[in-house]
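Chains as they are written, first to last, in my numbering: chain A, 4 to 580; chain B, 16 to 202.
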């Protein structure tokens, strides 16, 4: 059967089980969009390609299904670069198809031409340039396989116009894939697993430090079992949140730059870090030369390059987190040990840290709204819905991580590695597309939201009832916080006092707009927003200069963590003085 | 963790897919990670769908572990072997255009002979030499010829192959060799 490249492309997507795509048409990809009309594919037209990519990330993170985007050549493709980089950093399985000018004029500076394969080389896990129509089924198959296997990541397929318009024999979608340079290890090495179990059994002050790998591997049940068997206090990275229920008695809270005091102190004082699927990001390790100085480290990761990239590791285990945890738990169950009584002293120490340094804020009755209060109240009101929560990047993101205590995996969607402002709302849009009936909440900042807010209209068009809560302090809050703490309050380009009326903006885009201005408004407005059908934007007018604590200043050792209200050491001052 | 004082030269042999953009992927990675590459040479193997890259990289154990892992991470890279501590043979090749005034010609010829090189081009005032050897030998020739006035050099990257019967391509290359032999016999 001779078909056009576009037909082969659509049939391949169908065979791959793709039902929903996000994208934006244009000249070079026109033929693909024409053929799309004859296929039962749900296409969500985002108003900007960056939004489409973040939506696809949200779709993947919420559902675990590889997300798909289709955009045109040139600017369409270059607008995806931020999203691709974000997806690479946070291991999001997405496949992006970009139109391209015909092969005959590639390299000739044609209209809407960009060297997309070149541009995206370092921000994709892999990319393809299709040069023959008959290669399309194999390329699509490999693209999805590479995106979701091993350490998930973004894959881009560049589709020149003549390749999708040309015809070739379609012999069906390949059932199997074999790439000789790509065989991710899945099972952990049994010898290493035994070694890890022995170390765990003899540790006096162990801590389990879980990362995003738990979520990507759908291994939170196995992870929870590890915690239950060993009774070891557990912390998670920003990307790992949801890997352990926050109501678990051994939950320490998040670790890292704005993690809890107790979780961070455990990292300083531990004699054994059991790292399950994190990548030792600088926001977690702080000053590397001080990190884990007195600790042995076990590191489980599917990506060999993550191991020993930043820190010394005693027991590296390369493998899929879920498979390795099944192996490790089996090994640990054989060990006869009264886990709890051996750790009594350690528990006592941790309880002391938790008592002296809890997360805290002070909300006055009927005063200006503290963002922490608004988020905690949002949690209390919506907890029973088990919603999917996304965030932008900045102070509100850290407060959401601290106070929106999700119980389950794939309920927390945030831009961790790249820290992409403007991520939260599109990611919520994508998650809502994956789960039309679920409560999806975007906790955003006024700065972040303004980066991608034009796509409110997309939510209205496709009836995606996302609930957006803007923690509005009329500042680029995190930057302002750094300027306050480390640059002597010299505020440079952080004031967002002049901003759109978010309520009217919501209404202009076919959404409902609400506003909370005093602390007493918070609960009723949240309740109203949740019970209002369709997309809702809530402008939560917050206290302007609230700071996010605890904080480990960038480049400092974890032990130099600054808790609420403590003075900033003079040596951290980076200003003109 | 890593200390440039302990860096030494490593010879890596990579088998990669022989198609468009693979060299660029390798080069991007090297640039992005800031690895110290001294030389790189690329050519097809017996299996024309595979290219071999031989690369000289400087680093300590820590750096090299990351370099090898990072190359492995590229989907188009099929295999990476660090030959440095394995028995192996390595060679470089150099063309040297050197001033050859009549009075010096005999001496230059003698040096060329001692180093088992060849004169590949002659003009009234210059000789062009071709020398093959390990990098130490190349350096030695260059130093000896320096006094005569070296005008230009063209130097290849290192090529390396493991000693013994092991091949890093194993199946792929052997299969292909056998297939082509059979075909030759049939013809």
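The beta carbon of each residue, even a glycine, is placed where N, CA and C say it ideally should be.
Should residue i be flagged as near chain B, meaning a C-beta pair shorter than 8 Å?
i	result
residue 215 (chain A)	no
residue 99 (chain A)	no
residue 162 (chain A)	no
residue 281 (chain A)	no
residue 132 (chain A)	yes
residue 307 (chain A)	yes
residue 322 (chain A)	no
residue 192 (chain A)	no
Between residue i and the ligand MN, is there a pair consisting of the residue's CB and a ligand heavy atom that are separated by less than 7 Å?
i	result
residue 401 (chain A)	No copy of the ligand MN appears in this structure; indeed no ligand is present at all.
Interface residues of chain B around residue i at Cβ under 7 Å?
i	result
residue 312 (chain A)	81
Do you know how far the Cα of residue j is from the Cα of residue i?
i	j	result
residue 195 (chain B)	residue 174 (chain B)	Residue placement at residue 195 (chain B) is poorly supported in this model, since its pLDDT is 49, which falls under 50; the coordinates still yield a value, given next. Straight-line Cα distance between these residues: approximately 25 Å.
residue 91 (chain A)	residue 57 (chain A)	12 Å
residue 111 (chain A)	residue 27 (chain A)	24 Å
residue 191 (chain B)	residue 180 (chain B)	Annotation note: pLDDT 48 at residue 191 (chain B) (below 50); position unreliable, no value reported.
residue 11 (chain A)	residue 36 (chain A)	13 Å
residue 134 (chain A)	residue 119 (chain A)	14 Å
residue 21 (chain A)	residue 326 (chain A)	27 Å
residue 63 (chain B)	residue 94 (chain B)	16 Å
residue 382 (chain A)	residue 7 (chain A)	51 Å
residue 470 (chain A)	residue 529 (chain A)	9 Å
residue 105 (chain B)	residue 98 (chain B)	10 Å
residue 564 (chain A)	residue 178 (chain B)	55 Å
residue 573 (chain A)	residue 485 (chain A)	14 Å
residue 19 (chain B)	residue 89 (chain B)	26 Å
residue 426 (chain A)	residue 147 (chain B)	57 Å
residue 474 (chain A)	residue 449 (chain A)	6 Å
residue 1 (chain A)	residue 519 (chain A)	As displayed, chain A neither begins before 4 nor continues past 580, which places residue 1 (chain A) out of reach and without an answer.
residue 86 (chain A)	residue 134 (chain B)	57 Å
residue 145 (chain B)	residue 56 (chain B)	18 Å
residue 79 (chain A)	residue 137 (chain A)	25 Å
residue 33 (chain A)	residue 48 (chain A)	14 Å
residue 240 (chain A)	residue 400 (chain A)	13 Å
residue 261 (chain A)	residue 561 (chain A)	11 Å
residue 509 (chain A)	residue 539 (chain A)	7 Å
Answer with yes or no whether the minimum CB distance from residue i to chain A is below 8 Å.
i	result
residue 74 (chain B)	no
residue 87 (chain B)	yes
residue 91 (chain B)	yes
residue 172 (chain B)	no
residue 36 (chain B)	yes
residue 84 (chain B)	yes
residue 202 (chain B)	Note that residue 202 (chain B) scores 46 on pLDDT, short of 50, meaning its location in the model is unreliable; the coordinates nonetheless yield the value given after this. No, because no Cβ of chain A sits closer than 8 Å to the Cβ of residue 202 (chain B).
Applying a beta-carbon distance threshold of less than 7 Å, which residues of chain A neighbour residue i?
i	result
residue 32 (chain B)	184
Worksheet item: What residues in the stretch 374-405 of chain A have a beta carbon less than 8 Å from any beta carbon of chain B?
Response: none
Discussion item. With a threshold of 8 Å, are at least 3 pairs of Cβ atoms found where one atom belongs to the stretch 547-554 of chain A and the other to the stretch 34-43 of chain B?
Written reply: no
Worksheet entry | Given 8 Å, three or more beta-carbon pairs between the stretch 23-31 of chain B and the stretch 65-78 of chain B | yes
Worksheet item: Can you list, in chain order, the residues of the stretch 98-128 of chain A whose Cβ is nearer than 8 Å to any Cβ on chain B?
Response: 120, 121, 124, 125 and 128
Discussion item. Whether or not the stretch 145-153 of chain A and the stretch 178-188 of chain A are in contact is what I'm after, with contact meaning three or more pairs of Cβ atoms, one per stretch, closer than 8 Å; do they touch?
Written reply: yes
Practice prompt. Report the residues of the stretch 37-48 of chain B with a CB closer than 8 Å to any CB of chain A, ordered along the chain.
Written response: 39, 40, 43, 44 and 47
Worksheet item: Should the stretch 201-209 of chain A be called in touch with the stretch 168-177 of chain A, which here means at least 3 C-beta pairs below 8 Å?
Response: no
Worksheet item: Looking at chain B, which residues of the stretch 144-171 of chain A have a Cβ within less than 7 Å of any of its Cβ atoms?
Response: 149
Worksheet item: Are the stretch 121-129 of chain A and the stretch 452-463 of chain A in contact at 8 Å, needing three or more beta carbon pairs?
Response: no
Worksheet item: Would you say the stretch 71-87 of chain B touches the stretch 115-132 of chain B, given that touching needs at least three Cβ pairs under 8 Å?
Response: no
Worksheet entry | At least 3 beta-carbon pairs within less than 8 Å: the stretch 439-450 of chain A vs the stretch 276-295 of chain A | no
Fill in: Stretch-stretch touch, CB-based, cutoff 8 Å, three pairs: the stretch 488-495 of chain A with the stretch 458-466 of chain A
no
Worksheet item: Touching or not, the stretch 100-120 of chain B and the stretch 152-169 of chain B, by the rule of three or more beta carbon pairs under 8 Å?
Response: yes
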